[in-house]
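Trainee:
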Amino acid sequence: MEIGRRVAYLIANSRYQAPIPELETPKADVEVLGKILRERMGYDVKVLHDASKAQIIRALHLAGKTTGQHQSVLVMYAGHGYQINETRQGYWIPVDADTRDPSGWVSNSDITKLLSAIPAKQVILISDSCYSGTLAGEQAAQPKAQISRQDLLGRRSVLALTSGGEEPVSDEGRNGHSIFAASLIERLSSLQQGSSIGRLFELIHADVTAEYPQVPRLGAIESAGHVAGGDFLFDLRR
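Going from the sequence shown to this note's numbering is simple: count from 1 and add 9.
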């Protein structure tokens, strides 16, 4: 098999309601990343700015309904995140969120269920938010060495690349982007044909940890159907 259609869903949440502070970088982060994914890698890019919970759920549900098995799906979220310490449940915070009511937030459980319904063999979730590491904490990513491209693409891969662990992360960085997004933009701009998410993670991890006390993570989401040894590949536009 080879990868057919490539589609990216990019969510940028900046304009929050008080008392939740607005964020400076998500809009610019997503705009530049969308351009790279579209022009360099041939993705069909769909962007959501300042999305509500309903809009986020609807977009990920659409990904499950409109993509096929031999396709590549990339989902990115840039915005506020939160973790309830008692349960260690992580959340994305929509722009219409009420700080007193977590039923209006998007939980890790919600995200995992929606990813599990996407039939594509190649699925990557990128999350640039506080406490995003909870998404990558299910299982360490362990791609198999010396596996052929065809064997790799035959395995279902559902991986999470996050900007940090179970801690707040920086909204500031370089050139109007967050520290994590600045590295992601730079590395995707020079990534070679067929590079794996593991290689991208190594580069971003080195960049971010050299500049700021946050530690990106890469994990496999087994509960969404990840198969051991699976990996996510970045191909350049033909």
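All residues carry an ideal CB built from backbone N, CA and C; glycine is no exception.
Expressed to the nearest angstrom, what Euclidean distance is found between the alpha-carbon atoms of Gly77 and Val54?
Mentor: By one-based count along the sequence shown, residue 77 stands at place 68. By one-based count along the sequence shown, residue 54 stands at place 45. Using only the alpha carbons, I get a separation of about 16 angstroms.
Trainee: Would you tell me roughly how many angstroms separate the C-alpha atoms of Val224 and Ile20, rounded to the nearest one?
Mentor: Walking along the sequence shown from the start, residue 224 turns up at place 215. Walking along the sequence shown from the start, residue 20 turns up at place 11. Rounded to the nearest angstrom, the two C-alpha atoms are 22 angstroms apart.
Trainee: I'd like to confirm the pairing. Which residues does DSSP put opposite Leu57 in its beta bridges?
Mentor: Stepping through the sequence shown from its first residue, residue 57 is reached at position 48. BP columns for Leu57 point to Ile20.
Trainee: How is Val190 classed by DSSP in three states: helix, strand or coil?
Mentor: Position 181 of the sequence shown holds residue 190. According to the sequence as given, residue 190 is Ala; it is not Val. Of the three classes helix, strand and coil, the one that applies to Ala190 here is helix, per DSSP.
Trainee: Return the bridge partner residues of Ile135 from the DSSP annotation.
Mentor: Here residue 135 is taken as the residue at index 126 of the sequence shown, counted from 1. Per DSSP, Met85 and Leu170.
Trainee: So is Ala191 buried or exposed if we call it buried at 16+ other beta carbons inside 10 Å?
Mentor: Here the question's residue 191 lines up with position 182 in the sequence shown. Classification of Ala191: buried, given that the 10 Å Cβ count is 16 or more.
Trainee: Give a yes or no on whether the C-beta atoms belonging to Leu168 and Ile120 are separated by under 8 angstroms.
Mentor: To locate residue 168, count along the sequence shown from 1; it is residue 159. To locate residue 120, count along the sequence shown from 1; it is residue 111. It is not a contact, given that the beta carbons lie outside the stated cut-off.
Trainee: Give the DSSP-derived three-state secondary structure of Leu69 in the structure shown.
Mentor: Here residue 69 is taken as the residue at index 60 of the sequence shown, counted from 1. Leu69 falls in the helix class under three-state DSSP.
Trainee: I'd like to know whether the C-beta atoms of Ile127 and Ile206 end up nearer to each other than 8 angstroms.
Mentor: Translated into positions along the sequence shown, residue 127 becomes position 118. Translated into positions along the sequence shown, residue 206 becomes position 197. No. Outside cutoff.
Trainee: Where do the N-terminal and C-terminal ends of the alpha helix (DSSP H) with Ala37 fall, by residue?
Mentor: Along the sequence shown, read from residue 1 onward, the residue named residue 37 stands at position 28. It spans Pro35 to Met50 - the alpha helix (DSSP H) in which Ala37 sits, taken as one unbroken run.
Trainee: Quick check: the stretch 234-247 against the stretch 193-211, are there 3 or more CB pairs under 8 angstroms?
Mentor: Verdict: yes, contact present.
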